[in-house]
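Structure, as structure tokens:
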Amino acid sequence: MNQICLDCAMPMHGRQDKKFCSDQCRNTYNNRQNSDANNHIRNLNNILRRNRRILHLLSPGGKTNTVHRKKLEEKGFHFGYHTHTLTTRKGDTYKFCYDLGYLPVHDNFIMVVREKTQPQQEKTPPEFLST
Ligand SMILES: [Zn+2]
């Protein structure tokens, strides 16, 4: 049985392990794979940005605000997507989309918060100080 080219699907003769009939088909195929990966990343970024925008809408002026979960869902919030999490000493885990985050509090209510904007002081361990 002849192999077919992964890109143009033309039957190929010769070596059975060949995937493409030509360099051109290999390039076209690989470029498309890369752009699929880029699309995927772009879609994820869009979801994260939309989430952030929704959190922004629900916390006017960056103030902490408690809203019903439905408010976020209505606006198209994706609960599965966030950039990072932060667990407090109390053991609450906030989920953040960039600088804005949220914490489920009680009965389907969600507290929307802004992450403290002070950049975290990088502590230089003494052994890394030049002598
Ligand atoms: Zn081909």
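Residues are numbered in this note's numbering as their position in the sequence shown, beginning at 1, plus a constant of 1121. Note that the Cβ used here is the ideal one computed from N, Cα and C, for glycine as well.
Supposed contact pair residue j and residue i - C-beta distance, whole angstroms, cut 8 Å
i	j	result
T1204	V1234	So it is not a contact: roughly 14 Å between Cβ atoms.
H1177	L1127	With a Cβ gap of about 44 Å, H1177 and L1127 do not count as contacting.
F1230	R1190	7 Å
I1168	Y1202	5 Å
Q1124	K1139	6 Å
Cβ neighbour criterion (16 or more within 10 Å) applied to residue i
i	result
R1136	exposed
P1132	exposed
L1165	exposed
F1249	Confidence at F1249 is low in this model, with a pLDDT of 48, below 50, so its placement is unreliable and the value that follows should be read with caution. Exposed, since its Cβ has fewer than 16 Cβ neighbours within 10 Å.
I1162	exposed
F1141	buried
F1200	exposed
S1180	buried
T1252	Residue placement at T1252 is flagged as unreliable, the pLDDT there being 43, under the threshold of 50; the coordinate-derived value follows with that caveat. Answer is exposed; the Cβ neighbour count stays below 16.
Contact under 8 Å by Cβ, residue i with residue j
i	j	result
F1217	T1208	no
R1171	G1197	yes
Bounding residues of the alpha helix (DSSP H) (the contiguous stretch that carries residue i)
i	result
R1170	D1144 to L1178
R1190	R1190 to E1195
Terminal residues of the beta strand (DSSP E) in which residue i lies
i	result
L1127	From DSSP, L1127 is part of no beta strand (DSSP E); its letter is neither H nor E.
F1230	F1230 to R1235
T1206	H1205 to T1208
P1225	L1221 to P1225
For residue i, the residue or residues it bridges with in DSSP
i	result
K1211	DSSP lists no partner for K1211.
N1186	V1233
F1217	H1205 and G1222
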